[in-house]
């Protein structure tokens, strides 16, 4: 750059409209608030499916479960790492959308042992995180989820979820490992 | 830019040494090969601790377990989301380094129910992945791990690991959820 | 877990179909190969727009440029950090889709100083990377890009691109800083 | 899981200390606040080097510049994608630590055209971002940086920085492309 150019630069006006208030921000990072909201969304959806099943029967519950799986999980990306609480070998891992829907509402001949976890009259679903790991645009949580049914009985599970924020800013579950607690000797 | 400068640019030589073979690459992304190697590393370490316990006793095994936890897990980052197979409430989640070491070798009064999972004479440890999710510099696996002891007895667990590649390029476990398979009705 | 359950587990068969060949892999990490392909794609698109302009005129070139911007950049995410080579203040930064299209083909009253960089009869576009930084599902390159026009004149620019792999696996430019080389004293 | 076990689970106490206030959070994601702080840190460091040069001479300035490069850039990761404002071919790209230090203070025979950008009596350094892209544990900014020297003369540059948050939570510059604004026709 010749000296004459440099001098011209020194006198150059600032770019118009450069106030920080006008900075455009595209943020793909996950916040703790988004993680907690996504967890609560899962709990709400579970209770909703349960209520729908009780009020309207299996077809309506399956329709809702399908919507929930399509919106809250990331099967669109190719597979989800889903090990539901009450799924047994050789169908422990529900890497397909159909396997997830069946787990929640049952009634799918391809998964004959599924009774529909979301059809058990759940009225509450509470989350107690032990720890959260936010790795950028993914976040993983581990802790207990406590399900309360209409009779007040409580079932506690150990649960790990990994969420990924998609291009539309939506949090999707890519990993879900749920298990009954180990009962020590 | 004045026209004279632009003409000068048109005649400018290429930068020296620009051959693609000389491109410097810093790669923080995780490859599938790195994931599989990290999993095998965990299995090898478990068998090593088990062999050390059998040959040299608890102090030597604990020393090795400490080394393994410090090198293979990410407690340096503040916490790890670790739910070991045989850990029961209220100590199900081992978010601290001490809790992890105790789980593997026992002998820590702070974790009185730990018997030392790595002291059970394991001779083999085999991994069967159901699915892998690589999210950039993290990767999560889900599947079965099969432990074979000196008598040939096999224990199978459902296991999820999330690895993160640290600044030194080392894969560290940030999430580890292991559970005994659900036995259906 | 009661002892009887544990014994049952020890005898449990492996999950069916667990061969590693069947592991499902979802991979959001960027590879060096994908980076180089995305760069070449940009170069090809530039020459295509230039050829289209020469053969069919501005409307056809603008239609193609619009398609290229929509497919190769990430304006869908909210903004792109784009500082084109020949854009001057106060319109140096083209954070909007319209600003990018105008830069490539001109003819937009909102950007009166744009002459259309892609209309300059470019016949070749070659890339020489100095370094590449892959950070997971993003990758940034820095180096020279050399444009050759129909008369064999060469223009060299210093260029930085950051690509992000979207949910569909497509590489999109989120950052593009291009500048004429500094000519030292 | 046998029914007797399930009943035991229903009565199991919650894990101790599960209050959300006690959730451990490991957060590798970058926040906008961290980005702005890292930018200001760069500006402060530049003025510091300039002041040190004026008050104490080159050796002290070089010592400080070395410290700044080691702490604020990511050369430890293998390379940095650094195109300084006033660096010309064939040394436009400073992918090594030595090249960066030389650019800031000069006096290195390996980079004979460096006069030391940070030795120019800069008194102020102000940032005006056009846009910011946060991609997880990296963040990229683009905008103007305005340098004011002791005589009140202002130099404006177009600048792109990509920061990465390292394992220790420190923001490091992995990409830095700075250029004199294009002066239109």
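Residue numbers (this note's numbering), protein chains in the order written: chain V, -9 to 175; chain G, -9 to 175; chain F, -9 to 175; chain W, -9 to 175. Where is the CB? At the ideal position from N, CA and C, for every residue including glycine. Quantities reported herein were computed from a predicted structural model and do not represent experimental measurements.
When DSSP states are grouped into helix, strand and coil, residue 44 (chain G) belongs to the helix group.
Between residue 149 (chain V) and residue 169 (chain V), the CB-CB gap stays under 9 Å.
Where residue 91 (chain F) is concerned, the enclosing alpha helix (DSSP H) starts and stops at 87 to 95. Look at the region 113 to 129 of chain F: the residues with a C-beta under 9 Å from a C-beta of chain G are 117, 118, 119, 120, 121, 122, 123, 124, 125, 126, 127, 128 and 129. Beta-bridge partners of residue 133 (chain W) (DSSP): W:119 and W:149.
Listed along the chain, the chain F residues whose CB falls inside 7 Å of the CB of residue 152 (chain W) are 130 and 152. Taking C-beta separations shorter than 6 Å and ignoring five residues to either side along the sequence, the partners of residue 43 (chain F) in its chain run 51 and 109, following chain order. By the CB criterion at 9 Å, residue 15 (chain W) and residue 123 (chain V) fall inside the cutoff. Annotated as distal: residue 72 (chain W) and residue 56 (chain W), with beta-carbon spacing of 9 Å or more. Not flagged as an interface residue toward chain G: residue 91 (chain V), since no C-beta distance is shorter than 9 Å.
At a cut-off of 9 Å between beta-carbon atoms, residue 148 (chain F) makes contact with chain W. Neighbourhood of residue 140 (chain G) in chain W, by CB distance below 8 Å: empty, with the nearest CB roughly 28 Å away. The region 86 to 97 of chain V makes no contact with the region 86 to 98 of chain W; the number of CB pairs closer than 8 Å stays below 3. Listed along the chain, the chain W residues whose CB falls inside 8 Å of the CB of residue 67 (chain G) are 16, 18 and 157. In terms of beta-carbon proximity, residue 133 (chain V) lines the interface with chain W, with at least one pair separated by less than 9 Å. Just so you know, the alpha carbons of residue 38 (chain W) and residue 24 (chain W) end up roughly 21 Å apart.
The Cβ atoms of residue 111 (chain W) and residue 156 (chain W) do not sit closer than 9 Å to each other.
For residue 172 (chain V), the three-state secondary structure derived from DSSP is coil.
The residue from F:125, F:61, F:98 and F:137 with its alpha-carbon nearest to that of residue 158 (chain F) is F:61. Boundaries for residue 20 (chain G): no beta strand (DSSP E) harbours it, and the DSSP string shows neither H nor E there. Contact annotation for residue 83 (chain G) against chain V: 120, 121, 132, 133, 134 and 148 [CB-CB distance below 9 Å, chain order].
Below the 9 Å Cβ cutoff, chain V contributes no neighbours of residue 24 (chain W), its closest Cβ being approximately 10 Å away. Beta bridge pairing from DSSP links residue 110 (chain V) with no other residue. When the five nearest sequence neighbours on each side are left out, the beta carbons in the same chain lying within less than 6 Å of the beta carbon of residue 135 (chain W) are those of 117, 147 and 149, in order along the chain. Using beta-carbon distances, residue 161 (chain G) does not count as an interface residue toward chain W, since no partner is under 9 Å. The beta carbon of residue 113 (chain W) lies closer than 7 Å to those of 37, 138, 139 and 140 in the same chain, with the five residues before and after it left out.
In the three-state reduction of the DSSP assignment, residue 60 (chain G) falls in the helix class, which pools H, G and I.
In terms of beta-carbon proximity, residue 64 (chain G) lines the interface with chain W, with at least one pair separated by less than 9 Å. When only Cα atoms are considered, residue 80 (chain W) and residue 104 (chain W) end up about 12 Å apart. In this chain, the beta strand (DSSP E) harbouring residue 73 (chain W) covers 71 to 73. Among the CB atoms of chain F, none fall inside 9 Å of the CB of residue 144 (chain W). Judged by beta-carbon spacing, residue 19 (chain G) lies within the 9 Å limit of residue 126 (chain F), meaning their Cβ atoms are closer than that value. Rounded to whole angstroms, residue 163 (chain F) and residue 22 (chain V) show a C-alpha spacing of 27 Å.
Contact annotation: residue 161 (chain W) and residue 31 (chain W) have beta-carbon atoms nearer than 9 Å. Annotated as distal: residue 129 (chain W) and residue 13 (chain V), with beta-carbon spacing of 9 Å or more. When the beta-carbon positions are compared, residue 48 (chain F) and residue 97 (chain F) come within less than 9 Å of each other.
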